[in-house]
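J.: A single structure is presented below for examination.
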Amino acid sequence: MALGASVTFGTGSTTGDSYRKDLQALLASKDITATYVGTRANGNFPDDAVEATGGFKIDQIAASADTAVPVLKPTLVLVDAGTNNCNKGGEVPDAGSNVTAMINKVYENSPGSTVILASILANKVQAQDACREKINQQYAALTTQFQESGAKFALVDMRGSDAPTVNDLADTRHPNDE
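Just so you know, the sequence shown maps onto residues 1 to 178 in full-length UniProt numbering.
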């Protein structure tokens, strides 16, 4: 299950695929079969299920997960949450705790699942990018907590050398097709 907001849904991509189509192709190239589940569909590929809505903040993404996860029982949940908390202004001291609560509910509603959390992408708006850094620090801290508890959890660092940069954005925050 790809869980998130507009980046996960595919905003910024001319086809609406977001990272989902390329990730599925990468897995297939390694003989790993993956089927997306979600209550929505978007993209230019057959397996386009997604659990994402543009503009959603962490609490709204969590509410979506609370509805979809118990029904669909995903074994792997890809989480991209928090960008809109920064885009809509304000401080985000509780982003880490809110994402932790959401992930705990995922584990509760789909026992044995694996969660992969993405840190937040670069943003062309300076204040929003500074907010992103604060959230990413909180995500790094919660990663240690989940891993020490034995949960099947990983953090994908979207700030690494292979990550999209501001030059890869279709607007101020959504990745383009590259």
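Yeah, the Cβ is synthetic: ideal placement off N, Cα and C, and Gly gets one too. Just so it is clear, the structure is predicted and the values come from calculations on it, not from any experiment.
1) Counting beta carbon pairs with one atom in the segment 86-99 and one in the segment 125-144, are three or more of them shorter than 8 Å?
2) Verify whether the separation of the beta carbon atoms of S113 and P74 is less than 9 Å.
3) Can you name the residues that DSSP bridges to L27?
4) Would you mind stating whether V125 and V77 have Cβ atoms separated by less than 9 Å?
5) Apart from the five residues on each side of it in sequence, which residues of its chain come closer than 6 Å, Cβ to Cβ, to A118?
6) Can you check which of these residues, D94, K134 and A151, is closest to E108 by C-alpha distance?
7) What did DSSP end up calling R132 once you bin it into helix, strand or coil?
8) Which residue's Cα is closest to the Cα of T143: E133, G82 and A154?
9) Sort out for me which residues DSSP pairs D80 with in a bridge.
10) If I'm right that G43 touches T11 with Cβ under 8 Å, what's the distance once you round it to whole angstroms?
11) Is I61 helix, strand or coil when you go by DSSP?
12) Which stretch, first to last residue, makes up the alpha helix (DSSP H) that contains A101?
13) According to DSSP, is T144 part of a helix, a strand, or is it coil?
14) Please state if the CB of N85 and the CB of I58 are separated by a distance shorter than 9 Å.
15) Quick one, which of D47, T33 and T39 has its alpha-carbon nearest V69's?
16) What residue range does the beta strand (DSSP E) around I116 cover?
17) Contact defined as beta carbons within less than 8 Å: I believe F56 pairs with D17. What is the distance between those atoms, to the nearest angstrom?
18) Under the DSSP definition of a beta bridge, which residues are partnered with V156?
19) Where does V37 fall in DSSP's three states?
T.: By the coordinates alone:
1) yes
2) For the purposes of this step, residue 113 is taken as residue 113 along the sequence shown, with counting starting at 1. For the purposes of this step, residue 74 is taken as residue 74 along the sequence shown, with counting starting at 1. Cβ atoms of S113 and P74: closer than 9 Å.
3) Within the sequence shown, the letter at position 27 stands for residue 27. Partner(s): none; L27 has no beta bridge.
4) Taking the sequence shown and counting its residues from 1, one reaches residue 125 at position 125. Taking the sequence shown and counting its residues from 1, one reaches residue 77 at position 77. Cβ distance not < 9 Å, so V125 and V77 don't count as in contact.
5) For the purposes of this step, residue 118 is taken as residue 118 along the sequence shown, with counting starting at 1. Result list for A118: D80, V156 and M158, in chain order.
6) In the sequence shown, residue 108 corresponds to position 108, counting from 1. Among D94, K134 and A151, the Cα nearest to that of E108 is on A151.
7) Start at 1 with the first residue of the sequence shown, and residue 132 comes out as number 132. R132: helix per DSSP, three-state reduction.
8) Residue numbering aside, residue 143 sits at position 143 when the sequence shown is read from its first letter. Selected option, being the one with the closest Cα: A154.
9) Here residue 80 refers to the residue found at position 80 of the sequence shown. Note: D80 sits in a beta bridge opposite G4.
10) Counting from 1 along the sequence shown, the entry for residue 43 is found at position 43. Counting from 1 along the sequence shown, the entry for residue 11 is found at position 11. G43 to T11, Cβ: 11 Å. No contact.
11) Residue numbering aside, residue 61 sits at position 61 when the sequence shown is read from its first letter. The answer is helix: DSSP assigns I61 an H, G or I state.
12) Taking the first residue of the sequence shown as position 1, residue 101 is located at position 101. A95 to N109 is the extent of the alpha helix (DSSP H) around A101.
13) One-based indexing of the sequence shown puts residue 144 at position 144. Correct three-state label for T144: helix.
14) Taking the first residue of the sequence shown as 1, we reach residue 58 at position 58. Taking the first residue of the sequence shown as 1, we reach residue 85 at position 85. Yes, the pair counts as a contact, with Cβ atoms nearer than the cut-off.
15) Locating residue 69 in the sequence shown gives position 69, where the first residue counts as 1. Comparing Cα-Cα distances from V69 to each of D47, T33 and T39, the minimum goes to T39.
16) The residue given as residue 116 occupies position 116 in the sequence shown. T114 to A118 is the span of the beta strand (DSSP E), which, as asked, contains I116.
17) Mapped onto the sequence shown, residue 56 falls at position 56. Mapped onto the sequence shown, residue 17 falls at position 17. Incorrect: roughly 19 Å between the Cβ atoms, too far for contact.
18) Working through the sequence shown from its first residue, we reach residue 156 at position 156. V156 pairs with A118.
19) Position 37 of the sequence shown holds residue 37. Correct three-state label for V37: coil.
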